[in-house]
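Per the UniProt record's numbering, the very first residue in the sequence shown carries number 1; after that it's consecutive.
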Amino acid sequence: MAVSPSLIAEAVGWRREFHAAPELGYQEQETSRRVAELLASFGLQVHRGLAGTGVVATLENGPGPVIGLRADMDALPITELGSVSYRSRRPGVMHACGHDGHTAMLLAAAAHLAQTRHFSGTVHFVFQPAEENLGGARKMVEEGLFERFPMDAIYALHNWPGIPLGEVALSDGAMMASLDAFEITLRGKSCHAAMPESGADPIVAAAQLIMALQTIPSRRLSPQDSAVVSITQINGGEAINVLPDTVVLRGTFRCLSNRVRARVRELIESYVATQPQVSDVQGEISWFPGYPVTKNHALQAQQVREVAAATLGAQAVRWNQAPSMASEILPACWRPVRGPISG
1 MAVSPSLIAE AVGWRREFHA APELGYQEQE TSRRVAELLA SFGLQVHRGL
51 AGTGVVATLE NGPGPVIGLR ADMDALPITE LGSVSYRSRR PGVMHACGHD
101 GHTAMLLAAA AHLAQTRHFS GTVHFVFQPA EENLGGARKM VEEGLFERFP
151 MDAIYALHNW PGIPLGEVAL SDGAMMASLD AFEITLRGKS CHAAMPESGA
201 DPIVAAAQLI MALQTIPSRR LSPQDSAVVS ITQINGGEAI NVLPDTVVLR
251 GTFRCLSNRV RARVRELIES YVATQPQVSD VQGEISWFPG YPVTKNHALQ
301 AQQVREVAAA TLGAQAVRWN QAPSMASEIL PACWRPVRGP ISG
């Protein structure tokens, strides 16, 4: 059953409303309140408070499967430079990853299903806070999401600007990469820049280590194995004429299989332990909680493919879409149930 043009127009309005008032992870107070208000106006049972600002709404329509539909609500610490009328009103905060659109789309789905009742069973609409590396889904699960709202399967999507408007991309395998973040501390010996021989330079050691880490995907893995290692922050030194005693590197690596993920982590740890010693510098590494590969379950992915083809036409469905090296928190936390993610 087609979505009404008036509902589509409302969804566009909701998206722009959220875009203009972005909130960072676990700070989605206004967004959460507005989402709950709209869901209640559709006649759904609304539950608030999971993970602080999370919202879950339930729509029952007789016996049948129980599924979940999920959207994320948080924005990013980015300054918006655009000039649209609905640009962010909050300096340094922007919906740069499209979660405003995800939230609006899920609200539209809830409104449409509540109005048409064109299904049998139960749908839980899950509005998740803090997706951007803050573990919002994990926190919802820890606080009893699946005990309070049991589900047979859960579905999600992510907007993807590289896909033409009106198309859907998915596969029955890996869709998005794993994510592991790390912090490397290199400890040397500070000295005057004019007398480097009297110290141990962690800046040179950092440069050598960064270059060595880049050889992991290109020289230590098979060309058939996808991985990317990125150093994203370098911090060290205070005076222009003094070599520091410490340099801190931060970064991430991403893979498309658990086997490669384990191997890359092993190699990074080995490089950190040995490479800096060439410069008489000691290396240490700390790891932050990561996410596994986002891998769709075959049955649910095939069902989405069939529904998308019936709705949009077979030509609009990109099946066996090549996976992205970006990452998604879903598989790290929602393993009790099956389901796919699509672009």
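Backbone N, C-alpha and C fix where the C-beta goes; we use that ideal spot for every residue, glycine too. Please read all numbers here as calculations on a predicted model, not as lab measurements.
query, result
"Taking Cβ positions, are Ala206 and Val247 nearer each other than 7 angstroms?", "yes"
"With DSSP run on the structure shown, which of helix, strand or coil describes Asn320?", "coil"
"Met140: buried (16+ other C-beta within 10 angstroms of its C-beta) or exposed?", "buried"
"Considering only the alpha carbon of each residue, which of Leu145, Asp100, Ala104 lies closest to Leu38?", "Ala104"
"Hey, how far is the Cα of Val293 from the Cα of Asn258?", "7 angstroms"
"Applying the criterion that 16 or more other CB atoms from any shown protein chain within 10 Å of the CB defines a buried residue, is Met175 buried or exposed?", "buried"
"What do you get for Thr311, buried or exposed, if any count of 16 or more other CB atoms within 10 angstroms of its CB means buried?", "exposed"
"Can you give me the C-alpha to C-alpha distance between Gln315 and Ala309, rounded to a whole angstrom?", "8 angstroms"
"If you scan the region 10-97 from start to end, which runs of the alpha helix (DSSP H) of 4 or more residues do you find wholly inside it?", "29-41"
"Please confirm whether Pro276 and Leu186 have their CB atoms less than 7 angstroms apart.", "yes"
"What is the DSSP secondary structure of Val293, reduced to helix, strand or coil?", "coil"
"How is Glu143 classed by DSSP in three states: helix, strand or coil?", "coil"
"Quick check on the DSSP output: the beta strand (DSSP E) that includes Glu183 runs from which residue to which?", "179-187"
"How about the region 72-86 and the region 22-42: do they share at least three Cβ pairs that are nearer than 8 angstroms?", "yes"
"Among the residues of its own chain, which have a CB less than 7 angstroms from the CB of Leu24, if the five just before and after it don't count?", "Asp74, Ala75, Pro77, Val93"
"Where does Asp111 land, buried or exposed, given buried means 16+ other C-beta within 10 angstroms?", "Rather than Asp, the amino acid found at residue 111 in this sequence is Ala. With 16 or more Cβ atoms within 10 Å of its Cβ, Ala111 is classed as buried."
"Let me confirm a value: Phe253 is counted as buried when at least 16 other C-beta atoms fall within 10 Å, else exposed. Which label applies?", "buried"
"Contact check, Arg15 vs Gly82 under 8 angstroms by CB: the rounded distance?", "Not quite, the Cβ-Cβ distance comes to about 14 angstroms (not below 8 angstroms), so this is no contact."
"Taking just the CA atoms, how far does Thr58 sit from Gln45?", "5 angstroms"
"Per the DSSP calculation, Leu249 is bridged to which residue(s)?", "Ile184, Ile234"
"Take every Cβ of the region 214-230, pair it with every Cβ of the region 258-272, and state whether three or more of those distances are shorter than 8 angstroms.", "yes"
"I'd like to know whether the C-beta atoms of Pro129 and Ala51 end up nearer to each other than 7 angstroms.", "yes"
"I think Pro65 touches Asp152, with their Cβ atoms under 8 angstroms apart; what is that distance to the nearest whole Å?", "5 angstroms"
"Do you know offhand how far His95's Cα is from Leu106's?", "16 angstroms"
"Classify Gln282 as helix, strand or coil using the three-state DSSP reduction.", "strand"
"Are the CB atoms of Phe288 and Ala181 within a distance shorter than 7 angstroms?", "yes"
"Here's the rule: buried if 16 or more other CB atoms are within 10 angstroms of the residue's CB, otherwise exposed. What is Ser327?", "buried"
"Please state whether the Cβ-Cβ distance between Ala36 and Val56 is less than 7 angstroms.", "no"
"With residue 366 as the anchor, note down where its alpha helix (DSSP H) starts and where it stops.", "No answer is possible for residue 366: the residues shown for the chain start at 1 and end at 343."
"Go to Leu256, then tell me how far its alpha helix (DSSP H) extends in each direction, as first and last residue.", "Premise fails: Leu256 is in no alpha helix (DSSP H) and is neither H nor E."
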